[in-house]
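Trainee: This structure is in structure tokens; I'll ask about it shortly.
In this note's numbering, the protein residues as written are 72 to 203.
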């Protein structure tokens, strides 16, 4: 019984470590805020708004966010860069996006596809928690 408990704890620890290292930590916040309010909240309680830098991270967002829900992510129009100041090389725009309206300078994700919207819109949002 002790050997079984030890092997279960060992397996559990290995899985936890692997999962923590392998995947960035995105957190869905079900509280509608403007993009700026969401950014402030994420920076206060986590690290920043979510930066989706590749297809693997995009799949993680799709898994996290219910399929019909739209959420703020950290991309905004300043040559389309992330809230943490980094440039974006990965992009996953929805059809006919991004729109070129100056009033639609913040980006939300719906089912993994990105849409630019007015930063004043109130949406749920995704934070990133961890080191940048």
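Glycine included, each C-beta is placed from N, C-alpha and C at the ideal position. Predicted model only: the values in this text are computed from it and were never measured.
Could you tell me which of 145, 114, 96, 123 sits nearest to residue 176, measuring between CA atoms?
Mentor: The shortest C-alpha separation from residue 176 is found at 145.
Trainee: Quick check on the burial criterion: 16 or more other C-beta atoms within 10 angstroms. Buried or exposed for residue 116?
Mentor: exposed
Trainee: Just to confirm, is the Cβ distance from residue 191 to residue 121 under 7 Å?
Mentor: Cβ atoms of residue 191 and residue 121: not closer than 7 Å.
Trainee: Considering only C-alpha positions, which residue in the set 107, 187, 111 is nearest to residue 151?
Mentor: Closest by alpha carbon: 187.
Trainee: At the level of alpha carbons, what is the spacing between residue 169 and residue 141?
Mentor: 15 Å
Trainee: Going by beta-carbon coordinates alone, are residue 124 and residue 161 separated by less than 7 Å?
Mentor: In this structure, residue 161 lies closer than 7 Å to residue 124 by Cβ.
Trainee: Residue 192 lies in the alpha helix (DSSP H); which residues open and close that run?
Mentor: Taken as a continuous stretch (DSSP letters only), residue 192 belongs to no alpha helix (DSSP H), as it is neither H nor E.
Trainee: Please look up how many angstroms separate the CB atoms of residue 102 and residue 195, rounded, as I've assumed it's under 8 Å.
Mentor: The pair is a contact, with the Cβ atoms about 7 Å apart (cut-off 8 Å).
Trainee: Name the one or two DSSP bridge partners that residue 178 has.
Mentor: Partner(s): 187.
Trainee: Going straight from the alpha carbon of residue 179 to that of residue 136, what length do you get?
Mentor: 12 Å
Trainee: If you follow the beta strand (DSSP E) that residue 102 is part of, which residue opens it and which one closes it?
Mentor: 97 to 104
Trainee: Applying the criterion that 16 or more other CB atoms from any shown protein chain within 10 Å of the CB defines a buried residue, is residue 173 buried or exposed?
Mentor: exposed
Trainee: With DSSP as the reference, identify every bridge partner of residue 127, one or two as the case may be.
Mentor: Its beta-bridge partners do not exist; DSSP assigns none.
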